[in-house]
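All remarks here apply to the structure that follows.
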Amino acid sequence: MNLGAAEIALIVLAVFLLFGYKKLPDASRSLGRSLRIFKGEMGGMKDDDARASSPATPVPAPAPVSAPVQAPVDAAALEREATAAETAALEARARAARAHAEAQPTRATS
Numbered sequence: 003m004n005l006g007a008a009e010i011a012l013i014v015l016a017v018f019l020l021f022g023y024k025k026l027p028d029a030s031r032s033l034g035r036s037l038r039i040f041k042g043e044m045g046g047m048k049d050d051d052a053r054a055s056s057p058a059t060p061v062p063a064p065a066p067v068s069a070p071v072q073a074p075v076d077a078a079a080l081e082r083e084a085t086a087a088e089t090a091a092l093e094a095r096a097r098a099a100r101a102h103a104e105a106q107p108t109r110a111t112s
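In the working numbering, the protein residues as written are 3 to 112.
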């Protein structure tokens, strides 16, 4: 089946009319992500098949490890760290909201 220039142009026009110029980049980006995930999963399946077909080699048992000694927990330090993390998260959300608001075109009402 050979596609000529007229057929390709008709397909491109149909896709353009179907999705519109605003949604076309998002649709192509989403398609690319989906293909990348699909290829990764196919590679993972091939790796699983290769591991299943290879002879199983016995894995030596790990040597027993003694429990690590834990330092005493400083509750005040953990509280300060949690507060700092929450503050940073709130600041990041505020910056994102400002950037989103600036990116939105202002609509003039008549």
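Heads up, the beta-carbon is just placed ideally off N, CA and C, and yes, glycines get one too.
{"Query": "Taking the CB atoms as reference points, tell me whether Phe21 and Ala11 lie closer together than 8 Å.", "Result": "no"}
{"Query": "Skipping 5 residues on each side, what residues in its chain have a beta carbon closer than 8 Å to that of Val17?", "Result": "Leu26"}
{"Query": "Return the CA-CA distance between Arg31 and Asp76, expressed in angstroms with no decimal places.", "Result": "47 Å"}
{"Query": "What is the residue span of the alpha helix (DSSP H) that Ala65 lies within?", "Result": "No alpha helix (DSSP H) holds Ala65; DSSP gives it neither H nor E."}
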